[in-house]
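Trainee:
2 protein chains.
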Amino acid sequence: MKKVLLKDIAQHVGVSTALVSYVLNGQAEEKQVSKENAEKIRLAAIELNYQPNQVAKSLRTQKTHTIGLVVADINYRFSTGITRAIEAEAKRRNFTVIYGSSDEDAQKFSQLTNVLVNRQVDGLILVPSEDSEEQIVLLQQSGTPFVLVDRYFPNIDTNYVALDNYQATYDAVSYLVKTGHKKISFINLETSLFHLLERDRGYRDALKDHHLETNPEWMRHLRPQHIKEDMELATRQLLERGNPSDAVLFATDRLSIAGLKQFNDYGIRIPKDISVMSFDEADAFDLFYCPISHSRQPLEKMGEAAVDILVDLINKENTHKQLYFRTDFIAGKSCRE
Amino acid sequence: MKKVLLKDIAQHVGVSTALVSYVLNGQAEEKQVSKENAEKIRLAAIELNYQPNQVAKSLRTQKTHTIGLVVADINYRFSTGITRAIEAEAKRRNFTVIYGSSDEDAQKFSQLTNVLVNRQVDGLILVPSEDSEEQIVLLQQSGTPFVLVDRYFPNIDTNYVALDNYQATYDAVSYLVKTGHKKISFINLETSLFHLLERDRGYRDALKDHHLETNPEWMRHLRPQHIKEDMELATRQLLERGNPSDAVLFATDRLSIAGLKQFNDYGIRIPKDISVMSFDEADAFDLFYCPISHSRQPLEKMGEAAVDILVDLINKENTHKQLYFRTDFIAGKSCRE
DNA sequence: GTATTTGCTTTAATCGTTTAAAGTATTACA
DNA sequence: TGTAATACTTTAAACGATTAAAGCAAATAC
Chain Z
21 MKKVLLKDIA
31 QHVGVSTALV
41 SYVLNGQAEE
51 KQVSKENAEK
61 IRLAAIELNY
71 QPNQVAKSLR
81 TQKTHTIGLV
91 VADINYRFST
101 GITRAIEAEA
111 KRRNFTVIYG
121 SSDEDAQKFS
131 QLTNVLVNRQ
141 VDGLILVPSE
151 DSEEQIVLLQ
161 QSGTPFVLVD
171 RYFPNIDTNY
181 VALDNYQATY
191 DAVSYLVKTG
201 HKKISFINLE
211 TSLFHLLERD
221 RGYRDALKDH
231 HLETNPEWMR
241 HLRPQHIKED
251 MELATRQLLE
261 RGNPSDAVLF
271 ATDRLSIAGL
281 KQFNDYGIRI
291 PKDISVMSFD
301 EADAFDLFYC
311 PISHSRQPLE
321 KMGEAAVDIL
331 VDLINKENTH
341 KQLYFRTDFI
351 AGKSCRE
Chain E
21 MKKVLLKDIA
31 QHVGVSTALV
41 SYVLNGQAEE
51 KQVSKENAEK
61 IRLAAIELNY
71 QPNQVAKSLR
81 TQKTHTIGLV
91 VADINYRFST
101 GITRAIEAEA
111 KRRNFTVIYG
121 SSDEDAQKFS
131 QLTNVLVNRQ
141 VDGLILVPSE
151 DSEEQIVLLQ
161 QSGTPFVLVD
171 RYFPNIDTNY
181 VALDNYQATY
191 DAVSYLVKTG
201 HKKISFINLE
211 TSLFHLLERD
221 RGYRDALKDH
231 HLETNPEWMR
241 HLRPQHIKED
251 MELATRQLLE
261 RGNPSDAVLF
271 ATDRLSIAGL
281 KQFNDYGIRI
291 PKDISVMSFD
301 EADAFDLFYC
311 PISHSRQPLE
321 KMGEAAVDIL
331 VDLINKENTH
341 KQLYFRTDFI
351 AGKSCRE
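Residue numbers (the working numbering), protein chains in the order written: chain Z, 21 to 357; chain E, 21 to 357.
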């Protein structure tokens, strides 16, 4: 079946393509198209099942109505969640989303953003990978509208939607203190990512402000590529020594999963032997024998905000926004009271 | 910073745009461009950091090098897995993937495919939702190349990549028989989806061939929107009566999760109280106290095959393929021996 | 009776590429 | 010397839409 073009409708009705374009783009009034012709055109479009060629449209208008999204790793629950939220909001505003995953690799990240820009996306929503600072600067110079999500670089002045990671961690520790814990440990990733460093800072400050005991073995940074091995050691050291920790806060959902698995293997029971708190939730928690207390990122709101800001930028409204969201605290049964 | 066009390179070097186009598209030899000019053009392209406008390119060549993918529900592990596989293979062949989730809604499914077709994707990979048969027929008539994955309609002759669901279920039951189970139950969804009905058929035939006891309460179909409630009843009935089932096979990963949760709530221990087998794996299994034996779909191979077939179709190689894959059996510790 | 306005429609350039087809030197050969 | 072949290069139409600008009747103004 041959594709129906604007020209075909014009021919069918017996007018020029200009009229057809005006009518189908809702400019019938403005361009003073006669009611008669307008009606005929609309009918013909339906009858012939006209589907405009978006590529031609885009070339002419220089707008693709497409948003490029680069997430850090599609396997993260955060990624699927934020993707969903962004897609929903984008659809509401009549944008399509093309996305890719950088798999936490700076080079892949650059490549991906370039591919998306070449495909003439109107703007980008990015969860930048580690070491992608340079690429962000380039992007900024190129004038492509973009918004960072979740992660940002304190040295670059960009639009972003982020979590108040410092506060969230501080609050989590405070909750543990309030529920009677005194020897609180924290397991994070070995990273240069600012948002994770902020979690470190939150932990440290909270310990200090609450005058809690600190212990180098209670604050661990695991190598992202060796979580399993490093976790084995880290959890053992938390518990085995003469001075065991009484609560552990995991900095990411993946760490929580790895940690809980390890506790299972060691026969450690939660919360009897140690209390557990997690940053973010994982599907895997569903089948753990006890619900895990955690800080929940408001993904829907964050995604929505990111699209809002981006669309404003695309429409040349000189938005400049750096939004911080708070986590919700979801109480489980993984902390002894 | 202004975008660099083909024209700019031409001007910079002092030749026509045609030459530039030939060189940058690897037709320098074929079109007998002088080595001198070819070199100059290549240098200029790099120097000016030329990025071709894909939209213009697509309009002219009528190829977007884009594949549209519609999955049934992005929250399924199957969906993220197959998406990943498809993206990887697509990238290898220099295609971009645009995707959307129909959320198991036929109307949304139609809408999405239309959007993708309007965006001039070169072809589609589809996991059709229930009741989308009509849309598939329309698509077929329109001549758009497409491949179905996971699900297909026995009454429509399309290209597809699927699982041999009948055999997989038959084999799963046979395994349970071999390991000494005699009262095998099966929990599936209430559905008209062919691939799930095939699982029913596999279960029934296996029971018959092995001369096993059948029992209406051992074969349940839960309403997709009410899995939790229905599961509560179904699992209770499996176990409470005078004649309890000794093994249960779940037809999907989501059913497995819901079922295992319910077993947890009832205090049923796996595999002591009942053996469990699952179709497909879920991340959530990670934190269950025992590894779940399951049939694993070869997502990578399926995704790869789907892209292969689609690309052939796009290149007008009159492929006609209906591929079936076998599941791998992953032994866990959820079945009593 | 001519000029102007109104109401509506068409013409044609444009977006940034690709690519037949035509153009133009240079060399080869009779 | 004239013609043909060779080796390049340029011209310009196309892809399918949008949209200023121009065109053209009929109605109104003076």
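A virtual CB, placed ideally from N, CA and C, is assigned to each residue, including glycine.
#1: Apart from the five residues just before and just after T211/E, which ones in its own chain have a Cβ nearer than 8 Å to its Cβ?
#2: With distances taken from CA atoms, which of D328/E, R139/E and V91/E is nearest E337/E?
#3: For chain E, check one thing: does any of its Cβ atoms lie closer than 8 Å to the Cβ of I277/Z?
#4: In its own chain, which residues sit with a C-beta less than 7 Å from the C-beta of E252/Z, not counting the 5 before and 5 after it?
#5: By Cβ distance below 8 Å, which residues in the same chain neighbour R97/Z in space, the five residues on each side in sequence not counted?
#6: Identify which residue in G287/E, D28/E, L333/E and F345/E has its Cα closest to the Cα of T164/E.
#7: Specify, as a first and last residue, the run of the alpha helix (DSSP H) that Y361/E falls within.
#8: Using a beta-carbon distance below 8 Å, is S78/E in contact with chain Z?
#9: Is it true that the stretch 118-136 of chain Z meets the stretch 199-210 of chain Z, where meeting means three or more beta-carbon pairs spaced less than 8 Å apart?
#10: Using the Cβ count rule (16 or more neighbours within 10 Å means buried), how would you classify D348/E?
#11: Are S410/E and I288/E close, meaning C-beta to C-beta below 8 Å?
#12: Can you tell me the Cβ-Cβ gap for A325/Z and L269/Z, rounded? I've got them flagged as a contact below 8 Å.
#13: According to the neighbour-count rule (16 or more other Cβ atoms, all chains shown, within 10 Å of its Cβ), is Y42/E buried or exposed?
#14: From F345/E to K111/E, what distance separates their C-alpha atoms?
#15: Would you list, in sequence order, the uninterrupted beta strand (DSSP E) runs of no fewer than 3 residues that lie entirely inside the stretch 159-221 of chain E?
#16: Along the alpha helix (DSSP H) that carries T327/E, what are the first and last residues, could you check?
#17: Please list, in chain order, the chain Z residues whose beta carbon lies closer than 7 Å to that of D300/E.
#18: Span of the alpha helix (DSSP H) holding L259/Z?
#19: Evaluate contact between the stretch 116-132 of chain Z and the stretch 175-187 of chain Z, counting only Cβ atoms and requiring at least three cross-stretch pairs below 8 Å.
#20: Hey, how far is the Cα of L168/E from the Cα of P264/Z?
#21: At 7 Å on the CB atoms, spell out the chain E contacts of D306/Z, in chain order.
#22: Excluding the 5 residues preceding and the 5 following R316/Z in the sequence, name in chain order all residues of the same chain whose CB lies nearer than 8 Å to its CB.
#23: To the nearest angstrom, report how far apart I277/E and I207/E are at their CA atoms.
#24: Measure from the alpha carbon of L319/E to the alpha carbon of each residue in D170/E, P236/E, D293/E and G352/E, then state which is nearest.
#25: Closer than 9 Å by beta-carbon distance: list the chain E residues that pair up with R104/Z, in chain order.
#26: Over the uninterrupted alpha helix (DSSP H) stretch that includes S99/Z, give me the two end residues.
#27: Do you know how far the Cα of R219/Z is from the Cα of K341/Z?
#28: Any beta carbon from chain Z within less than 8 Å of Q74/E's own beta carbon?
#29: Measuring straight from C-alpha to C-alpha, what distance separates D229/E and H314/E?
#30: Which residue from G279/Z, F115/Z, N45/Z and P148/Z puts its Cα closest to that of H215/Z?
#31: I'd like the list of long-range same chain contacts for E237/E, defined as Cβ closer than 6 Å, with 5 residues on each side in sequence excluded.
#32: Apart from the five residues on each side of it in sequence, which residues of its chain come closer than 7 Å, Cβ to Cβ, to E67/Z?
#33: Going by alpha carbons, who is nearest to M239/Z out of H231/Z, F115/Z, E249/Z and R224/Z?
#34: If you follow the alpha helix (DSSP H) that F283/E is in, where does it begin and where does it stop?
#35: Measuring only the C-alpha atoms, how far is A226/E from L196/E?
#36: Smallest Cα separation from I61/Z: which of L146/Z, N114/Z, Q31/Z and V90/Z?
Mentor: Short version:
#1: E150, L217, H241 and P244
#2: D328/E
#3: yes
#4: Q282
#5: D273, D300, E301, A302 and D303
#6: L333/E
#7: For residue 361/E there is no data in the structure shown, the boundaries of chain E being 21 and 357.
#8: yes
#9: no
#10: exposed
#11: Residue numbering for chain E in the displayed model covers 21 to 357; residue 410/E lies beyond these limits and cannot be assessed.
#12: Actually they do not touch by this definition, with Cβ atoms about 26 Å apart.
#13: buried
#14: 23 Å
#15: 166-169, 180-183 and 204-209
#16: Note that residue 327/E is Val in the sequence shown here, rather than Thr. First-last of the alpha helix (DSSP H) with V327/E: L319 to I334.
#17: In chain order: nothing, as chain Z lies at least about 14 Å away.
#18: I247 to E260
#19: no
#20: 55 Å
#21: I277, K281 and A304
#22: D300, E301, T347, D348, F349 and I350
#23: 12 Å
#24: D170/E
#25: I94, N95 and S121
#26: R97 to R112
#27: 22 Å
#28: yes
#29: 22 Å
#30: P148/Z
#31: Q257
#32: none
#33: R224/Z
#34: D273 to Y286
#35: 11 Å
#36: Q31/Z
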